[in-house]
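Participant: full-length UniProt numbering puts the first residue of the sequence shown at 1, with every later residue one more than the last. Glycine included, every Cβ here is placed at the ideal spot set by N, Cα and C. Handing you this structure, nothing more for now.
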Amino acid sequence: MNKRRSKNKNIIIAGISAVFAVIPIVLFCIFSGRVNTGKPKNTWRTNISKTDENKNKTAARKKSKETKKVQKTKKTTKPKKPEITADITNLCTRLSWTPVKGVNTYSVYRKMEDSGWERIVTVHKTSYTDTYYKTFSQAEKRRYFTWGKYFIDMSSHTISYNVHAEINYKDSNPQSKAVYGKDGYFKLNAPIIVEARSYNKNIMLTFSNVPCASYYNVYCAKLDTSGKYTYKKLKTIPQTVSQFTNCSIKPAEGYDYFVVTAFGKRNGETVKAKSDSFTLKNSKFSNKKILFIGDSITYGTPYYAVSGRKVYSYPWRIHELTGAYCNNTAVGGATLADNPQTRSARNRVIINVVPQIKTGYGTGLTFKDYDAIVICVGTNDYTDGIRLGSLDSTDKTTYCGAMNILLRTIADANTARVKEGKKPLTVVMPDLFYSDNYHVPSVPESRYDTKNGFGNTLLDFNDAKNNIAEKYQKKGLNIIRFKTDSIVNKKNCAYATVDNLHMTKYVYEKIGDALADVIVNDWEK
Numbered sequence: 001m002n003k004r005r006s007k008n009k010n011i012i013i014a015g016i017s018a019v020f021a022v023i024p025i026v027l028f029c030i031f032s033g034r035v036n037t038g039k040p041k042n043t044w045r046t047n048i049s050k051t052d053e054n055k056n057k058t059a060a061r062k063k064s065k066e067t068k069k070v071q072k073t074k075k076t077t078k079p080k081k082p083e084i085t086a087d088i089t090n091l092c093t094r095l096s097w098t099p100v101k102g103v104n105t106y107s108v109y110r111k112m113e114d115s116g117w118e119r120i121v122t123v124h125k126t127s128y129t130d131t132y133y134k135t136f137s138q139a140e141k142r143r144y145f146t147w148g149k150y151f152i153d154m155s156s157h158t159i160s161y162n163v164h165a166e167i168n169y170k171d172s173n174p175q176s177k178a179v180y181g182k183d184g185y186f187k188l189n190a191p192i193i194v195e196a197r198s199y200n201k202n203i204m205l206t207f208s209n210v211p212c213a214s215y216y217n218v219y220c221a222k223l224d225t226s227g228k229y230t231y232k233k234l235k236t237i238p239q240t241v242s243q244f245t246n247c248s249i250k251p252a253e254g255y256d257y258f259v260v261t262a263f264g265k266r267n268g269e270t271v272k273a274k275s276d277s278f279t280l281k282n283s284k285f286s287n288k289k290i291l292f293i294g295d296s297i298t299y300g301t302p303y304y305a306v307s308g309r310k311v312y313s314y315p316w317r318i319h320e321l322t323g324a325y326c327n328n329t330a331v332g333g334a335t336l337a338d339n340p341q342t343r344s345a346r347n348r349v350i351i352n353v354v355p356q357i358k359t360g361y362g363t364g365l366t367f368k369d370y371d372a373i374v375i376c377v378g379t380n381d382y383t384d385g386i387r388l389g390s391l392d393s394t395d396k397t398t399y400c401g402a403m404n405i406l407l408r409t410i411a412d413a414n415t416a417r418v419k420e421g422k423k424p425l426t427v428v429m430p431d432l433f434y435s436d437n438y439h440v441p442s443v444p445e446s447r448y449d450t451k452n453g454f455g456n457t458l459l460d461f462n463d464a465k466n467n468i469a470e471k472y473q474k475k476g477l478n479i480i481r482f483k484t485d486s487i488v489n490k491k492n493c494a495y496a497t498v499d500n501l502h503m504t505k506y507v508y509e510k511i512g513d514a515l516a517d518v519i520v521n522d523w524e525k
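What follows is the structure in structure tokens.
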């Protein structure tokens, strides 16, 4: 009896042992399956395969080989960025970019200076023309456009573009696959040297800051006999938030020119702007006086005074280059001739300016007191209903008549000047500048080709002016014709001007440089 019970106990104990021997393995297998990383490595199978001497079965693990599955995938490459080419003018920007493989749409984004990026259009081709007066809001036009109308002054404002290559999916927003660059494409403008002063063998330069510049390099330079410049870097100046930057420099001996160049970062790459060069070698004419007679182009529109000075006008540039006293009597919108029907609408040089100069009003200087007189007026006569008149006319209501009166007045003043023992004065007459701004500001229309209400083009007015000047030249008046077609013309008008009429800051400086050379060369004869 006792034996049998003992045997049953053994059986029960053995059974319990078998259960406990199997359960941990099963739990292990379940737990192992949950943490499987999914990597195709060797695995273990669980088998109840061993029996001990007491016939207790235990679990055994057997290593089994499982074929490693290798999933072959195609190698993917990131789409190339679209490379942008931009032709930026005062009316529009013509954009084009390289195609991106596998992309079906391109979104064009625009950014004005410190504003955010704005998507302006989505296209299926690799080019787009952004016509400003169509795509800018009224608020943007008031802020960025010249006169709040149809033109952007690129020398004061920076416009940037970006192109996103996108794929469109149904029922979802477009997904960008490639973007040109976080900075987009922008054109870095040239800084303008507006003032240079000598002090203690140093030079104090003042130049205009330009948007998107990171820093400026200031150089001195000298011109060799072959016409090439040799440069020496003087200093690097970081960008500031002010409109102008002042810096003191000490040029090397024999280096008469000063150059300021702007540098900026565009998508990680350094970009360089055009340079403005300046020289003080002609600033020895502080005893000379120059009179300017003209309209808004001579006045310096659309750039107005800083502390009362029209620092971007070409008369100011000539003053800075020569040191001469410059009296700029130009008035925006002025005509040379009188127009009794609309007299109050515009300033009329022949009745409003000439009489004041004859009496020395405001300055105490009359025509005979000036060493040089620059006359550039007539483009508003062409648009304001002023008749051209005959070359011998003395009618102040015609352009030719008013020009004859003006040059006759100057010739008489020159005679009086010579009698006083002074050198004869010089008259410089620039050609009337090319313009594409006539009927509709947003549509280029050449004033050289378009006839006004009397059937005359601006070239007719320019030719008449030159013919009258030649007549007085033969009578002994020193008149120099200054050709302007290399400065502003049909090809570059959209780039050289801010509104197809008035110049950019940089072009005004180039006019001043060229005219200063003409005047100085004449004075040094």
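(1) Which residue wins for smallest C-alpha separation from I152, given the options N209, V418, T504 and A514?
(2) Who are the near neighbours of L459 in its chain, counting only those whose CB is closer than 6 Å to its CB and skipping five residues on each side?
(3) Would you call the region 170-190 in contact with the region 78-88, where contact means no fewer than 3 C-beta pairs closer than 8 Å?
(4) Give every residue of the same chain whose Cβ lies closer than 8 Å to the Cβ of G102, excluding the five residues on either side of it in the sequence, and list them in chain order.
(5) Whole angstroms are fine: how far does the CA of Y325 sit from the CA of A372?
(6) Starting from K465, trace the beta strand (DSSP E) in both directions and tell me its first and last residue.
(7) Quick one, are the C-beta atoms of S127 and R119 less than 7 Å apart?
(8) Compute the Euclidean distance between the alpha carbons of F244 and N209, then round it to the nearest angstrom.
(9) Residue range of the alpha helix (DSSP H) that A337 falls in?
(10) Counting along the chain, where does the alpha helix (DSSP H) carrying C493 start and finish?
(11) Between the Cα of K392 and those of Y304, Y438, Y472 and T366, spot the shortest distance and give me the residue it belongs to.
(12) Would you kindly work out how many angstroms separate the C-alpha atoms of D114 and I192, rounded to a whole number?
(13) Can V418 and V377 be called in contact, C-beta distance under 7 Å?
(14) Helix, strand or coil for K101 per DSSP?
(15) Looking at the secondary structure, which residues open and close the beta strand (DSSP E) in which K235 lies?
(16) By DSSP, does D224 sit in helix, in strand, or in coil?
(17) Got a sec, what are the start and stop residues for the alpha helix (DSSP H) Y314 sits in?
(18) Out of V260, P441, I410 and V163, which one is the CA nearest neighbour of D276?
(19) Quick one: what's got a C-beta closer than 6 Å to A469's C-beta in the same chain, skipping five residues either side?
(20) Evaluate F367 with the Cβ neighbour count: other Cβ atoms within 10 Å of its Cβ, from every protein chain shown; 16 or more gives buried, anything less gives exposed.
(21) Considering only residues of the same chain and omitting the five flanking positions on each side of R94, which have a CB-CB separation below 6 Å?
(22) Applying the 10 Å Cβ sphere with the 16-neighbour rule, what's the burial state of Y229?
(23) Determine the burial state of D338: buried for a count of at least 16 other Cβ atoms within 10 Å of its Cβ, exposed for fewer.
(24) Could you check what DSSP says for M503 in three-state terms: helix, strand or coil?
(25) The ligand PLP heavy atoms versus the CB of N466: any closer than 6 Å?
(26) Can you tell me which of E253, I297, A221 and V123 puts its alpha carbon nearest to the alpha carbon of residue 535?
(27) State the Cα-Cα distance for the pair I84 and R266, rounded to the nearest angstrom.
(28) What are the uninterrupted segments assigned as beta strand (DSSP E) that are 3 or more residues long and contained completely in the region 352-430, given in chain order?
(29) From N452 to F461, what does the alpha carbon distance come to, in whole angstroms?
(30) Taking the straight line between their C-alpha atoms, what separation do you get for Y314 and T270?
(31) How would you write the range of the beta strand (DSSP E) that E195 sits in, first residue to last?
(32) Assign G184 to one of two classes, buried (16 or more other C-beta atoms within 10 Å of its C-beta) or exposed (fewer than that).
(33) Ignore the nearest five residues each way along the sequence and tell me which others in V518's own chain have a CB closer than 8 Å to its CB.
(34) Can you tell which of I405, D381 and V354 has the C-alpha that lies nearest to the C-alpha of T335?
(35) Under the DSSP definition of a beta bridge, which residues are partnered with G264?
(36) With DSSP collapsed to three states, give me the class of L515.
Facilitator: Concretely, from the data shown:
(1) Considering only alpha carbons, the answer is T504.
(2) In its chain, beyond the 5 residues on either side, Y448 have a beta carbon closer than 6 Å to the beta carbon of L459.
(3) Taking a cut-off of 8 Å on C-beta distances, the region 170-190 touches the region 78-88, as three or more cross pairs fall below it.
(4) The residues are P79, I167 and K177.
(5) A372 and Y325 have their C-alpha atoms some 11 Å from each other.
(6) From DSSP, K465 is part of no beta strand (DSSP E) but of the alpha helix (DSSP H) over L458 to K474.
(7) Contact annotation: S127 and R119 have beta-carbon atoms that are not nearer than 7 Å.
(8) Their Cα atoms are separated by approximately 5 Å.
(9) Premise fails: A337 is in no alpha helix (DSSP H) and is neither H nor E.
(10) From DSSP, the alpha helix (DSSP H) with C493 extends over C493 to A496.
(11) The sequence given here places Asp at residue 392; Lys does not occur at that position. Of Y304, Y438, Y472 and T366, the residue nearest in Cα terms is Y472.
(12) Cα-Cα distance, rounded: 22 Å.
(13) Contact flag unset, no.
(14) Residue state, collapsed to three classes: coil.
(15) From DSSP, the beta strand (DSSP E) with K235 extends over Y229 to P238.
(16) Reduced to three states, the DSSP call for D224 is coil.
(17) Boundaries of the alpha helix (DSSP H) around Y314: Y314 to T322.
(18) For the set V260, P441, I410 and V163, the Cα lying nearest the Cα of D276 is the one of V260.
(19) Setting aside the 5 residues that flank it on each side, A469 is surrounded in the same chain by M429 and I479, each with a C-beta closer than 6 Å to its C-beta; the list follows chain order.
(20) Classification of F367: buried, given that the 10 Å Cβ count is 16 or more.
(21) In chain order, D87 and T129 place their CB closer than 6 Å to the CB of R94, counting only its own chain and leaving out the 5 sequence neighbours on each side.
(22) Y229 is exposed by the Cβ-count criterion.
(23) Flag for D338 reads buried.
(24) DSSP places M503 in strand when its eight states are reduced to three.
(25) As for the ligand PLP, it is missing from this structure, which has no ligand bound.
(26) What the structure shows of the chain is the stretch from 1 to 525, and residue 535 is not part of that stretch, so it cannot be assessed.
(27) If you take the alpha carbons of I84 and R266, they lie about 12 Å apart.
(28) DSSP runs (the beta strand (DSSP E)) wholly in the region 352-430: 372-376 and 426-430.
(29) Linking N452 to F461 through their CA atoms gives a straight-line distance of about 11 Å.
(30) One C-alpha to the other measures close to 31 Å.
(31) E195 -> beta strand (DSSP E) spans I193 to Y199.
(32) Residue environment: G184 is assigned as buried (16 or more neighbouring CB atoms within 10 Å of its CB, all protein chains considered).
(33) Within the same chain, V518 has close Cβ partners V428, I480 and F482.
(34) Taking each of I405, D381 and V354 in turn and checking the Cα distance to T335, the smallest one comes out for D381.
(35) Bridge pairing for G264: V271 [DSSP].
(36) The answer is helix: DSSP assigns L515 an H, G or I state.
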